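With my numbering, the residue at position 61 of the sequence shown is 48, and numbering never jumps. Note that beta-carbon positions come from the ideal geometry of N, C-alpha and C, so glycine has one too. Bear in mind that the values here come from a model prediction, so they are computed numbers and not experimental data.
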Amino acid sequence: MADSQSVAVLGYGGLWRAMDTSGRAFAHNALLAYFNVTAAPNFWSSVRQRILTLLALAGGIYRRRMLAVAGGAAFVVYSTPVDTQPPWVLFRLPVLFLNWFRPAEVVKRMDEYAVAIRAQMKDALGAGIGEMFEIQILATAPEAQGHGYGTALVRAVTAKADAAGRDTFVLTSGARGFYEREGFALEGTAVLGVMNPTWSGAPVHMNIMRRRAQHSDLE
């Protein structure tokens, strides 16, 4: 298993490796599959998704909230209540522009997601959500799995949260068991696709999980 010293803040030099890791780690992600309204992604939808991923990862690097193992073979992007936000023109404006050209069905599904998640998070986490750490992206390349990289990355984030006396939360569609082993508890679940006649797959369960801050016995 990776030890704490192998976890490092990722710089822009590791961005392309992280992009590759992300693309392969989430190739079969249930939520991304729900947002993909075509049987096979076309050129422009693939380009759009890669740019959005690039902006998300670059934003994490800009905020120095991206940790990695093995040069980006596994990484985590997280947020804290005191983060400095990236420049709006460089990060948010391109996202808004790209989202403008989403197919109508994608807009519908993303709006469904936003409404469902917002309601569940309000009930599950309450007003204190703004005071918590959030694990936003956790990815491990397929060939790097089984080495404890994901565990080391999550523990690096929760150690920072513990030091700040903050809870940590995460939204996950397929890693509930993993997070439970790391001390997270299920607080609520949003279900997508049940009422959508254009979706033929299984309902997508988005689990809202929280790990409460752990205090040292020495304090």
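Hey, could you find the ends of the alpha helix (DSSP H) Tyr49 is sitting in? Residues Phe30 to Tyr49.
Suppose you measure from the CA of Tyr49 to the CA of Pro81; what does that come to, to the nearest Å? The C-alpha of Tyr49 lies about 16 Å from the C-alpha of Pro81.
Length-filtered (4 minimum) alpha helix (DSSP H) runs lying within the stretch 134 to 160 = With a minimum length of 4 residues, the continuous alpha helix (DSSP H) runs that stay inside the stretch 134 to 160 are 136 to 151.
Contacts around Phe78, its chain only, beta-carbon distance under 6 Å, and the 5 residues preceding and following it disregarded: Cβ neighbours of Phe78 beyond the five flanking positions: Leu42 and Gly46.
Task: Pairwise C-alpha distance: Trp186 and Arg37 - done: Distance between the alpha carbons of Arg37 and Trp186 is about 23 Å.
Give a yes or no on whether the C-beta atoms belonging to Ala(-5) and Gly59 are separated by under 8 Å.
No, Cβ-Cβ distance for Ala(-5) and Gly59 is not below 8 Å.
- request: Compute the Euclidean distance between the alpha carbons of Leu260 and Gly10, then round it to the nearest angstrom.
  value: Because the chain here runs from -12 to 206, residue 260 falls outside it and cannot be looked at.
Report the CB separation of Pro90 from Val24 in whole angstroms; it is logged as a contact under 8 Å. Taking 8 Å as the upper bound for CB-CB distance, Pro90 and Val24 are in contact here, some 6 Å apart.
Item to check | DSSP state of Val94 mapped onto helix, strand, coil | outcome: Collapsing the DSSP output to three states places Val94 in a helix.
Member of Arg197, Val178 and Asn194 whose CA lies at the smallest distance from the CA of Gly188: The closest CA to that of Gly188, considering only Arg197, Val178 and Asn194, is found on Val178.
Identify the residues that DSSP records as bridge partners of Val64: which are they?
According to DSSP, which records beta bridges pairwise, Val64 is partnered with Met53 and Ile124.
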